[in-house]
Amino acid sequence: MAPASISVSLLWVLILLFTSGVFSATFTITNNCGYTVWPGVLSGAGTAQLSTTGFVLQKGESKTISLPASWSGRLWGRSLCKEDSSGKFSCVTGDCGSGKVECVGGGAAPPATLAEFTLNGAGGLDFYDVSLVDGYNLPMLIVPQGGSAGNCSSTGCLADVNAACPSELKVVSSSVERSESVACKSACEAFGQPQYCCSGAYGNPNTCKPTSYSQLFKRACPRAYSYAYDDGTSTFTCASANYVITFCPSLSTSQKSAEGTHPEAADAPPLKGSMVFLGAGEYVSGASPKTNMRMQREQSRG
């Protein structure tokens, strides 16, 4: 009987070794908006895919998904989505082009507010940020929970940037009452010029500087990326944390996140009368998510 007992024990050890570290964290995604949001998820090249790449969240709903160890990728919200008569699914903002609720490898069409992550990167830290480099469509908040290292600060873009968006950057939809702005383009998306896209002669932090448009985003959302090289105030780290990602965070949620963690975001002034909710390809292992996104853009330009 001893050999059988040893075999069973060894089997359990192998099972534990196999399963240990398979999932390194969870995302709990909550829709606090007064309308339906369809989150989309894109994993980085060479990164394990998640159990879902797109789903629906009705008002007030939440969904938790498990993340593989060392996962890198981005998450965003899609809005004003519907199926046409042929069954093709599409969204006015954040559409991923799959024709389905699941994005199956498709990324967000700009403009879209992006949550970007590299888990278990350099020094065992998670790197995360909220980015407006591809424009803005929905307010978003990231709150780490249970982190053991790094600054583990909350970050996000909590202002209603659509209400303050300059006319030349506005995305207007006739499906919304009074043809209101439903998203705000980045200057790169709107004009395609190198000084806005940090490309060509402007493809490094010494030559690509903030513009009046990126500064508008930065004033509204002090902790979010406003342009490609906005690393100093926009990349955050944590370790061994789970992450709560909220669309349209409530006043109480924003207050709790602001107290003692990012007072400069809490002090952000309203922008042109907009409501402010007290806020603000190939992947390189261990690099920050924004570095990976930047490399993807450079490679796509050839």
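Per this note's numbering, the sequence shown runs over residues 1 to 302. We put the beta carbon where it would ideally sit given N, CA and C, even for glycine.
* Asked: Is it buried or exposed for Ser181, if we count other Cβ within 10 angstroms and need 16 for buried?
  -> buried
* Range of the contiguous alpha helix (DSSP H) that encloses Ala164 -> 161-164
* When the Cα atoms are used, what is the spatial distance from Cys96 to Ala159? -> 24 Å
* Asked: Quick check: the stretch 203-221 against the stretch 154-170, are there 3 or more CB pairs under 8 Å?
  -> yes
* Spatial distance of Tyr229 from Tyr196 (CA atoms) -> 11 Å
* From Ser153, Leu169, Gln145, pick the residue whose C-alpha is nearest to that of Ser234; which is it? -> Ser153
* Using 8 Å as the threshold, is the stretch 103-123 in touch with the stretch 65-78, meaning 3 or more CB pairs across them? -> yes
* Rounded to a whole number of angstroms, what is the C-alpha to C-alpha distance between Ser66 and Ile245? -> 13 Å
* **Nearest-angstrom Cβ-Cβ length linking Ser167 and Asp134, presumed shorter than 8 Å** => Not confirmed; about 20 Å, so no contact.
* Based on Cα-Cα distance, which residue from Arg74, Gly99, Pro210, Leu75 lies nearest to Cys81? -> Gly99
* To do: Could you please give the first and the last residue of the uninterrupted alpha helix (DSSP H) stretch that includes Pro194?
  => 194-197
* To do: Give me the Cβ distance between Thr155 and Phe247, rounded to the nearest whole Å; I'm assuming they're in contact under 8 Å.
  => No, Thr155 and Phe247 are not in contact; Cβ-Cβ is about 14 Å, not under 8 Å.
* Taking the alpha-carbon positions, what's the Ala183 to Arg74 distance? -> 18 Å
* **Where the alpha helix (DSSP H) through Gln215 begins and ends** => 212-220
* **Expected contact under 8 Å - CB spacing of Ala241 and Gln145 to nearest Å** => 6 Å
* Asked: Could you give the distance in angstroms between the alpha-carbon of Thr211 and the alpha-carbon of Gly232?
  -> 16 Å
* Asked: What runs of the beta strand (DSSP E), each 3 residues or longer, lie entirely inside the stretch 129-175?
  -> 140-145, 155-157, 170-172
* Asked: Do Val37 and Ser77 come within 7 Å of each other at the CB atom, strictly closer than that value?
  -> Sequence check: residue 77 is Gly here, not Ser. Yes; because the gap between Cβ atoms is below 7 Å, this pair is in contact.
* Asked: Run through DSSP, which three-state label would Ala48 get?
  -> coil
* Asked: Is it right to say Tyr35 is buried, meaning 16 or more other beta carbons lie within 10 angstroms of its own, or is it exposed?
  -> exposed
* Tell me whether the beta-carbon of Ser90 lies closer than 7 Å to the beta-carbon of Leu114. => no
* Return the CA-CA distance between Tyr136 and Ala112, expressed in angstroms with no decimal places. => 5 Å
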